[in-house]
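Student: Please see the structure below; I have some questions.
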Amino acid sequence: MPKRILTGTVVSDKGDKTVVVNVERKVKHPLYGKIMRRTKKYHAHDENNEIKTGETVRIEETRPISKLKTWKVLERVGAAAGLATPTVKELTKNDPADDKIKAPEKPAAEPKAEEAAAEEKAES
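Under this note's numbering, the first residue of the sequence shown is numbered 1437, with each subsequent residue one higher.
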C-alpha cells in the first residue's frame, strides 16, 4: 500500500521536533449537495526544527514515531503568509502621521507672586 501524502498549514511548532499541521479537505453533503470544508490536525515529525508556524508543508505517512506522531514532514511548499512578527525597530519607528497630530498646548501658568511683587515696587 502506498504512503499517503497530504498538504497543509502548520498551526504550531512549539514541540521539539514536532509540528502540528492543519489539513483541509472539501466534502459534498450527501443529501443537500453543499460543498463543506473539513479540517483535521496531524502531528508530524520535523527532525531539524526547520518548519515555522504559518508555512505550508507536505507531510507523508510513516511508521509510528510516538503516541500521536505517524507523519513526517517531506518538504516546505510555501512560506508563512503574513504572520511575521514585527521587530522592535518597526514598532518604535516614527510615523509621519504622528507628527501632524499634536496635543493642544496649555497656556503657561502665570507667576502671580512675581506680578504682585512687581506691582508693589511700582506703587512705592
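Note that the Cβ used here is the ideal one computed from N, Cα and C, for glycine as well.
Predicted, not measured: the structure shown is a model, and the values here were computed from it.
Okay, do the segment 1467 to 1482 and the segment 1491 to 1502 touch, 3+ Cβ pairs below 8 Å being the bar?
Tutor: Yes: at least three Cβ pairs fall under 8 Å.
Student: How close, in whole Å, do the beta carbons of I1501 and D1449 come, if the pair is a contact with beta carbons under 8 Å?
Tutor: Mapped onto the sequence shown, residue 1501 falls at position 65. Mapped onto the sequence shown, residue 1449 falls at position 13. Contact flag wrong, Cβ pair sits at about 16 Å.
Student: Look up K1439 in the DSSP assignment and say whether it is helix, strand or coil.
Tutor: Taking the first residue of the sequence shown as position 1, residue 1439 is located at position 3. Looking at K1439 - three-state DSSP - the assignment turns out to be coil, as it is neither helix nor strand.
Student: Using CA coordinates, which residue listed in E1541, R1499, E1551, E1555 is at the minimum distance from P1438?
Tutor: Mapped onto the sequence shown, residue 1438 falls at position 2. The shortest Cα separation from P1438 among E1541, R1499, E1551, E1555 belongs to R1499.
Student: Compare the beta carbon distance of R1461 and R1474 with 7 Å and say whether it is the shorter of the two.
Tutor: As a position in the sequence shown, residue 1461 is number 25, starting the count at 1. As a position in the sequence shown, residue 1474 is number 38, starting the count at 1. Taking 7 Å as the Cβ cut-off, R1461 and R1474 qualify as a contacting pair.
Student: Thinking just about the alpha-carbon of each residue, which of L1467, W1507, I1471 is nearest to the one in K1453?
Tutor: Translated into the one-based positions of the sequence shown, residue 1453 becomes position 17. When each option's Cα is compared against that of K1453, the closest is W1507.
Student: Can you check whether the CB of K1464 is closer than 7 Å to the CB of I1471?
Tutor: Here residue 1471 refers to the residue found at position 35 when the sequence shown is read from its first residue. Here residue 1464 refers to the residue found at position 28 when the sequence shown is read from its first residue. Yes. Within cutoff.
Student: Mind reading off the beta-carbon distance from G1469 to N1458? Whole number of angstroms is fine, and I expect it under 8 Å.
Tutor: Along the sequence shown, one-based indexing puts residue 1469 at 33. Along the sequence shown, one-based indexing puts residue 1458 at 22. G1469 to N1458, Cβ: 25 Å. No contact.
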